[in-house]
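A short write-up of the structure that comes next.
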Amino acid sequence: MLHTLSLLTTQSTDPRHNLALEATLLHQVRPGEEILYLWQNQRTVVIGRNQWAANECRIQTLEADGGHLVRRLSGGGAVYHDLGNLNFTFLTRQADYDVARQTEVILQAVRELGIPAEKNGRNDLTAAGAKFSGHAYYRTGDRCYHHGTLMVAVDLAPLERYLTVSPLKLQAKGVASVRARVGNLTDFCPGLTVDRLRQALGEAFGQVYGLPVRALSEEEVDQAALARFQAQFSDPAWIYGDSRPLDTSREARFPWGLVRLDYSQGEGTITQAALWSDGLEADFLSQVPRALAGCPRQGEALRRRLLALEGASPALVEDILTLLLP
1428 MLHTLSLLTT QSTDPRHNLA LEATLLHQVR PGEEILYLWQ NQRTVVIGRN
1478 QWAANECRIQ TLEADGGHLV RRLSGGGAVY HDLGNLNFTF LTRQADYDVA
1528 RQTEVILQAV RELGIPAEKN GRNDLTAAGA KFSGHAYYRT GDRCYHHGTL
1578 MVAVDLAPLE RYLTVSPLKL QAKGVASVRA RVGNLTDFCP GLTVDRLRQA
1628 LGEAFGQVYG LPVRALSEEE VDQAALARFQ AQFSDPAWIY GDSRPLDTSR
1678 EARFPWGLVR LDYSQGEGTI TQAALWSDGL EADFLSQVPR ALAGCPRQGE
1728 ALRRRLLALE GASPALVEDI LTLLLP
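For the sequence shown, my numbering begins at 1428 and goes up steadily by one.
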């Protein structure tokens, strides 16, 4: 049962530090505690855990402009951050993890500012049909987080300069570009600042949970864990991933996300596989390539391998099989 609400706001705009701080807070959150972490990144593209970096971002353009590419722990799609965006993360133990209640904190804060916010689909918040917030989720053991963006006054031009969105995804959303389906909160509340939204979120956090909110400082964070996580999020192997070419590549859009599956085979057996996806089922999807390696390319054998994975569901498995079978 929750008994402590903690609020941490970092002044850092370095995405590697900020993702490391998020992971450290998850590492140290106590039973009965929920942490709301508020953070900003300067000129950054953040890709989901299972995405192929080169497919999602014009990396050379971003880095030539002094920007950063980073990869997060959660699933979902690529997003662009600048200082007109505010990121939030709710971190707690499984027993107290409640995405609906956490989302209500965001909705209440934004509505208090006079903005007609509503939940739209599985992981978006919109105002008058324009998406201003996208959410993603991560769990390790009994520790969970729910995080996302809040577009206050983001410069929208770099979205098309840096992000490369699959036509399959745009077609599914019924828009011509990623910029066409997003909007800033200042469109509905002129003069709104990131600082004012931070204040509103802190107030709504306490109101929704009915508990006092204590300030949490970075000095209270496990510095050794922070250093370990910062090394992970700064590692090029983690950021850019493995892009070795394989023999066959298949791509499809399903209700739960876009998937590209590459594989090589010999004598009817899959020898190597790679998967990239913006699906939110990050843990399951990350296990798929290893499970496929060494498996005969036959329906029942593949099905058994995939259903045995943690987090597998029959619907997800059947969709992935359509990429592997005639």
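Idealized CB from N, CA, C, for every residue including glycine. Note that the structure is a prediction, hence the values are computed from the model and not measured.
Practice problem: Specify the secondary structure class of I1747 as computed by DSSP and reduced to three states. | Solution: Position 320 of the sequence shown, counted from the start, is the residue given in the question as residue 1747. Of the three classes helix, strand and coil, the one that applies to I1747 here is helix, per DSSP.
Quiz item: How would you label G1693, buried or exposed, when you count the other beta carbons within 10 angstroms and need 16 or more for buried?
Solution: Position 266 of the sequence shown, counting from 1, holds the residue named residue 1693. Under this definition G1693 is an exposed residue.
Self-check item: Distance, T1696 Cα to A1527 Cα
Solution: Within the sequence shown, the letter at position 100 stands for residue 1527. Within the sequence shown, the letter at position 269 stands for residue 1696. Taking C-alpha positions only, A1527 is separated from T1696 by approximately 44 Å.
Quiz item: Which runs of the alpha helix (DSSP H), 4 residues or longer, sit entirely within the segment 1607-1652?
Solution: 1621-1636
Quiz item: DSSP puts Q1455 in a beta bridge; with which residues?
Solution: Start at 1 with the first residue of the sequence shown, and residue 1455 comes out as number 28. According to DSSP, Q1455 bridges with nothing at all.
Quiz item: Which residues does DSSP pair with L1448 in a beta bridge?
Solution: For the purposes of this step, residue 1448 is taken as the residue at position 21 of the sequence shown. According to DSSP, which records beta bridges pairwise, L1448 is partnered with nothing at all.
Quiz item: Going straight from the alpha carbon of G1502 to that of A1480, what length do you get?
Solution: Taking the first residue of the sequence shown as position 1, residue 1502 is located at position 75. Taking the first residue of the sequence shown as position 1, residue 1480 is located at position 53. Rounded to the nearest whole angstrom, the C-alpha separation of G1502 and A1480 is 13 Å.
Practice problem: Express the C-alpha separation of Y1636 and S1604 in angstroms, rounding to a whole number. | Solution: The residue given as residue 1604 occupies position 177 in the sequence shown. The residue given as residue 1636 occupies position 209 in the sequence shown. With a pLDDT of only 43 at S1604, under the threshold of 50, the placement of this residue in the model should not be trusted; the figure read from the coordinates follows. Straight across, the Cα-Cα distance linking S1604 with Y1636 is about 38 Å.
Quiz item: Going by other Cβ atoms of all chains shown within 10 Å of its Cβ, with 16 needed for buried, is L1435 buried or exposed?
Solution: Locating residue 1435 in the sequence shown gives position 8, where the first residue counts as 1. Classification of L1435: buried, given that the 10 Å Cβ count is 16 or more.
Quiz prompt | Three-state secondary structure assigned by DSSP to T1591 | solution = Counted from its first residue, the sequence shown places residue 1591 at position 164. T1591 falls in the coil class under three-state DSSP.
Exercise. Determine the DSSP secondary structure at D1523, reduced to helix, strand or coil.
Key: Numbered from 1 along the sequence shown, position 96 holds the residue referred to as residue 1523. D1523: helix per DSSP, three-state reduction.
Self-check item: Range of the contiguous beta strand (DSSP E) that encloses R1724
Solution: To locate residue 1724, count along the sequence shown from 1; it is residue 297. No beta strand (DSSP E) holds R1724; DSSP gives it neither H nor E.
Quiz item: Exposed or buried, which one is S1704 when buried takes at least 16 other CB atoms within 10 Å?
Solution: As a working note, residue 1704 is residue 277 in the sequence shown. By the neighbour-count rule (16 or more Cβ atoms within 10 Å), S1704 is buried.
Quiz item: Taking the C-alpha atoms as reference points, what is the distance between Q1650 and L1643?
Solution: In the sequence shown, the residue the question calls residue 1650 occupies position 223. In the sequence shown, the residue the question calls residue 1643 occupies position 216. Roughly 14 Å separates the two Cα atoms.
Quiz prompt | Whole-angstrom distance between A1491 and A1522, CA atom to CA atom | solution = For the purposes of this step, residue 1522 is identified with residue 95 of the sequence shown, where counting begins at 1. For the purposes of this step, residue 1491 is identified with residue 64 of the sequence shown, where counting begins at 1. Going from the Cα of A1522 to the Cα of A1491 covers about 45 Å.
Quiz item: Considering only C-alpha positions, which residue in the set N1550, Q1455, Y1464 and G1504 is nearest to I1474?
Solution: As a working note, residue 1474 is residue 47 in the sequence shown. Of N1550, Q1455, Y1464 and G1504, the residue nearest in Cα terms is G1504.
Quiz prompt | Given D1622 as reference, the closest of F1656, L1513 and E1645 once Cα atoms are compared | solution = As a working mapping, residue 1622 is identified with position 195 in the sequence shown. It is L1513 whose Cα lies nearest to the Cα of D1622.
Quiz prompt | Burial state of E1545 (16 or more Cβ within 10 Å) | solution = The residue given as residue 1545 occupies position 118 in the sequence shown. Counting other Cβ atoms within 10 Å of its Cβ, E1545 stays below 16 and is therefore classed as exposed.
Quiz prompt | As assigned by DSSP and simplified to three states, the class of T1431 | solution = Against the sequence shown, residue 1431 aligns to sequence position 4. T1431 falls in the strand class under three-state DSSP.
Quiz item: Any C-beta of chain D sitting closer than 7 Å to the C-beta of N1445?
Solution: No chain D appears in this structure, which consists of one protein chain only.
Quiz item: Does the segment 1656-1673 come close enough to the segment 1439-1452 that 3 or more CB-CB pairs lie under 8 Å?
Solution: yes
Quiz item: Of all the options L1707, R1520 and L1750, which has the alpha carbon lying nearest to the alpha carbon of R1476?
Solution: Within the sequence shown, residue 1476 is the residue found at index 49, counting from 1. Comparing Cα-Cα distances from R1476 to each of L1707, R1520 and L1750, the minimum goes to L1707.
Quiz prompt | Given A1627 as reference, the closest of L1577, G1726, A1563 and A1679 once Cα atoms are compared | solution = As a working note, residue 1627 is residue 200 in the sequence shown. Nearest option by C-alpha distance: L1577.
Self-check item: Whole-Å CB distance - L1733 paired with A1739, under 8 Å assumed
Solution: What you label residue 1733 is simply residue 306 of the sequence shown in a count that begins at 1. What you label residue 1739 is simply residue 312 of the sequence shown in a count that begins at 1. Their Cβ separation, rounded to whole angstroms, is 6 Å, which keeps L1733 and A1739 in contact under 8 Å.
Quiz item: Among G1575, L1489 and D1509, which has the Cα closest to the Cα of Q1469?
Solution: Sequence index remark: in the sequence shown, residue 1469 carries index 42 (1-based). When each option's Cα is compared against that of Q1469, the closest is D1509.
Quiz item: Any idea which residues DSSP pairs N1512 with across the strands?
Solution: Reading the sequence shown from its first residue, position 85 is the one you call residue 1512. According to DSSP, N1512 bridges with M1578.
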